[in-house]
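Each remark here refers to the structure printed beneath this line.
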Amino acid sequence: MFKRALMMAIVPALALTVAVLGPAGASAESLVPFHATVYETYTAALCGTSALCITAVGTGEATHLGEITESASVVVDINPADLQNGCAPETRTTTLTAANGDTITMFG
């Protein structure tokens, strides 16, 4: 297990707007700055022949949410056919959950 501090800044917080208003309700006027700091613990293991699977959990603070918990899942292609800029492609899903149960889920 590894520990690290993760700093996330999503400006103008499209994820927050989409999570609260839905895709049809987002407009430039409704976008707000968003900032979260999460201290997480993660584990990583090979999954399949060419992927690294990472699972992370953490706690922290976020704008508009207060105290949060984080749950993330990342799959990194460690043997890509086309390595771009020295970075391996990945897919991820991260969910931030507020103390009152509100959530923001980010995909990438």
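Converting from the sequence shown to our numbering requires adding 73 to each position, the first position being numbered 1.
For every residue, glycine included, the Cβ atom is placed at its ideal position computed from N, Cα and C.
So, under 8 Å CB-CB, Thr164 and Ile141 are touching, yes? Tell me the CB distance rounded to an integer number of Å. Contact flag wrong, Cβ pair sits at about 22 Å.
Give me, in chain order, the residues of the same chain whose beta-carbon lies closer than 7 Å to that of Ser123; leave out the 5 immediate sequence neighbours on both sides. Asp150, Ile151 and Asn152
What is the C-beta distance between Asp175 and Leu138, in whole angstroms, given that I count them as a contact (C-beta under 8 Å)? 6 Å
Would Phe107 be called buried (16 or more neighbouring beta carbons within 10 Å of its own) or exposed? buried
Looking at Ala154: is its Cβ nearer than 7 Å to the Cβ of Ala129? no
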